[in-house]
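Student: Just so you know, we're using our numbering here: the sequence shown kicks off at 1 and counts up by one.
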Amino acid sequence: MANNKNLFASTGATGKAFLGVHEEAIKAGALDSKTKALEALGIAVAIRCEGCIVQHVKGAIKLGATRDEIVETINVAIMMGGGPSTVYGGKALACADQFLQE
Numbered sequence: 001m002a003n004n005k006n007l008f009a010s011t012g013a014t015g016k017a018f019l020g021v022h023e024e025a026i027k028a029g030a031l032d033s034k035t036k037a038l039e040a041l042g043i044a045v046a047i048r049c050e051g052c053i054v055q056h057v058k059g060a061i062k063l064g065a066t067r068d069e070i071v072e073t074i075n076v077a078i079m080m081g082g083g084p085s086t087v088y089g090g091k092a093l094a095c096a097d098q099f100l101q102e
């Protein structure tokens, strides 16, 4: 996500504020951080954002998400996003399999 790093470095306070929203939103509260990361992944699949999928798969795994949890998240995303989300669900699972092997 070099493009995002470059963008956020270039946009100054706006980029920093956006990253702050992510950090605050993912913090544990009534829901733990892993659950929130899986929610973000599901939304990324449902809205078909490939770059978002990569980042949220990485984040969910870093927070301890298992392959089974990722698959269930993808299932809910497909339910909400319909047929086109199956393409992105497959991409998310391939990404997860790759990161889980590292």
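Ideal Cβ positions, reconstructed from N, Cα and C, are used throughout, including at glycine.
Keep in mind the model is a prediction, meaning the values are calculated, not measured.
Which term fits His56, buried or exposed, when burial requires 16 or more other beta carbons within 10 angstroms of its beta carbon?
Tutor: Label assigned to His56: buried.
Student: Output needed for Lys34: all residues of its chain with C-beta closer than 7 Å, excluding positions within five of it in sequence on either side, in chain order.
Tutor: Here the set comprises Ala60, Leu63, Gly64 and Ala65.
Student: In three-state terms, what does DSSP make of Cys95?
Tutor: Three-state result, Cys95: helix.
Student: Helix, strand or coil: how does DSSP classify Leu63 here?
Tutor: Residue state, collapsed to three classes: coil.
Student: Using the beta-carbon count (16 or more within 10 Å), is Leu41 buried or exposed?
Tutor: Per the 10 Å Cβ criterion, buried.
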